[in-house]
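The structure appears right after this line, and notes come after that.
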């Protein structure tokens, strides 16, 4: 039996047989007017359920995009093509190519839009896979074609020197050479002319070991340009024989310089440790000398001749103490004490030493500004600066006839002077010291390195003089500059900050007002027998009772016993076993207000937060000792 179908049914059947998705929607609101079976399946529903619903509600994440596509179709009135990624209701992601075709009535009005979509997910996956495979093979091909170029780039930018040489040291390939040399001048040559004589022999022996032993060999090479390398040579073997040598050399110049600086630093640290020990012992001896000379002066009713000899002993002891302080500062271990001083007076005090250091062919002229304001300084150190600068000027003149001019004045800094080191002086008023010589002058490279430790332009000498000057000036907040040129002499200029309101110190107390009349008991703690004997004698001469202890533990035991009651402790800081600081902390547990004078041949600071403890630096004169004891002894003990 033949069943006839109308055109609409035939069209629907035809559309249902297609795998592409066909839908007709209302252009105004996207309402579905028709869809084939393929479209219904993609939306997970039946045709009857889906017709009449809005296409937008099935793709909530694509509402804006869907409306925009309909808008473009209506505006352009022609077929529009789109590609998009849809998330289907079952959660699957699919790629679609879609065409939007407007359907018009007889009046040209768009009454519907036909949407035909084709799932191209698998096609896109295949294309992506092909593209990926193509890229991979492209990279492989590119790598194969560029291997030589890349290898060359790696070698040329390697931080080490890589070379291939014949057994006779002839270089056949090298990736880099020291600065100032072209690679083309090295290929076909041996590296021997670039090395010192000792390193030439080392290299020849290294190649011989590689050839004979067929083993990797390492050595250190020194170049004639002051560059250093650690080199490693390996055999290149063909048919069992070494035919060439592969070399890898690392420039270790900077590392060796750092090692040398570290070794120098360690030497200075060792010197500092030794200097502290020497200064401690030496200052103990000077304390004995000053104490004994003070007692001799007070007890002996000395004649004028003997008194002048004692004055010379005291002066020599104080100068020796200054030398100890300088030694500690030069060793970089301590900060020197400073006080207001006059630069002109310092120059005058050291003039005798200057005359001894300058030969007869050199004239020294002084042009010192009168009434030069005071500057905070350490007299011994500032004198050492003056002496070093004059000695340096004399060395620059040498055996020729010449002149050194030493001048002082007040200098106003208006803007930062960048040529000064270690730091440019800030604007303000300074005491200026200039030392000018008529010597041979300095080359630019020497002028820039003149303050480096262990650098010297002299044929003999260690080069520490100006480095020490710079260190001293740094502790004074001062600065120095060098103005020099070959054949034009040299001028060293020092700027020291002024303290114009500071009163210059007077002479130290030297009278006898503190001799005798003292009352109370002093506990003297020192591990040196000579020091205890001399200081005990001074204290007893001053009227005090003295209890002696040779260690911190012995002192604490005497204080615990309470007899006799102690009014003040004179405590040495540096002692074996329990030192002065440890003893002080222990005695403060039971005697929180007992006056203590910490005494040391090394610079010390008063203990923080302890108003009943002070510092007495060795060496000290008897008068200084008795004055401080009188000021600090407990009033209750003075009355005894």
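In the numbering used here, the protein residues as written are 17 to 656. All residues carry an ideal CB built from backbone N, CA and C; glycine is no exception. All values derive from a computational prediction rather than experimental measurement.
Cβ neighbour criterion (16 or more within 10 Å) applied to residue i
i           : result
residue 646 : buried
residue 514 : buried
residue 394 : buried
residue 74  : buried
residue 355 : exposed
residue 266 : exposed
residue 270 : exposed
residue 383 : exposed
residue 403 : buried
residue 448 : buried
residue 4   : Look at the range of the chain in this structure, 17 to 656, and you will see that residue 4 is not part of it.
residue 80  : exposed
residue 484 : buried
C-beta contact flag for residue i and residue j at 8 Å
i           : j           : result
residue 359 : residue 424 : yes
residue 452 : residue 414 : no
residue 118 : residue 139 : no
residue 568 : residue 599 : yes
residue 206 : residue 185 : yes
residue 629 : residue 622 : yes
residue 409 : residue 455 : yes
residue 258 : residue 183 : yes
residue 638 : residue 541 : no
residue 261 : residue 226 : yes
residue 307 : residue 550 : yes
residue 211 : residue 219 : yes
residue 587 : residue 552 : no
residue 438 : residue 490 : yes
Pick from the options that is closest to residue i, judged by C-alpha positions
i           : options               : result
residue 237 : 640, 259 and 213      : 213
residue 313 : 333, 327 and 59       : 327
residue 247 : 376, 260, 268 and 189 : 268
residue 565 : 591, 184 and 290      : 591
residue 136 : 37, 558 and 272       : 37
residue 244 : 216, 83 and 252       : 216
residue 223 : 254, 241, 197 and 181 : 181
residue 430 : 443, 439, 411 and 436 : 443
residue 605 : 620, 617, 626 and 593 : 626
residue 235 : 311, 253 and 221      : 221
residue 69  : 276, 51 and 84        : 51
residue 103 : 123, 76 and 113       : 76
residue 596 : 376, 618, 189 and 202 : 618
residue 377 : 392, 45, 406 and 416  : 416
8 Å CB neighbourhood of residue i in its chain, flanking five on each side removed
i           : result
residue 561 : 536, 537, 538 and 580
residue 603 : 571, 572, 575, 585, 610 and 612
residue 279 : none
residue 43  : 86, 89, 90, 118, 126, 127, 128 and 129
residue 62  : 56
residue 387 : none
Start and end residues, beta strand (DSSP E) containing residue i
i           : result
residue 115 : 109 to 120
residue 509 : 506 to 513
residue 466 : Note, residue 466: premise wrong, no beta strand (DSSP E); not H, not E.
residue 40  : 37 to 41
residue 382 : 378 to 384
residue 640 : Where residue 640 is concerned, there is no enclosing beta strand (DSSP E), although the alpha helix (DSSP H) it sits in stretches over 638 to 648.
residue 257 : 257 to 267
residue 444 : 444 to 453
residue 65  : Per DSSP, residue 65 belongs to no beta strand (DSSP E); it is in the alpha helix (DSSP H), 63 to 66.
Cβ neighbours of residue i in the same chain (closer than 6 Å, five flanking residues each side left out)
i           : result
residue 115 : 95, 97 and 132
residue 381 : 421
residue 294 : none
residue 509 : 450 and 497
Nonlocal neighbours in the same chain, by C-beta distance under 7 Å from residue i, ignoring five residues either side
i           : result
residue 101 : 109 and 111
residue 648 : 584, 611, 613 and 630
residue 297 : none
residue 445 : 426, 428 and 514
residue 337 : 299, 302 and 635
residue 66  : 48, 51, 56 and 59
residue 272 : 244
Limits of the unbroken alpha helix (DSSP H) element including residue i
i           : result
residue 403 : 395 to 413
residue 95  : Careful: residue 95 lies outside any alpha helix (DSSP H) and carries neither H nor E.
residue 551 : 545 to 557
residue 390 : Unbroken run through residue 390: none, as it is neither H nor E.
residue 364 : 359 to 365
residue 223 : 213 to 229
residue 72  : 71 to 74
residue 599 : 596 to 603
residue 179 : Premise fails: residue 179 lies in the beta strand (DSSP E), 177 to 182, not in any alpha helix (DSSP H).
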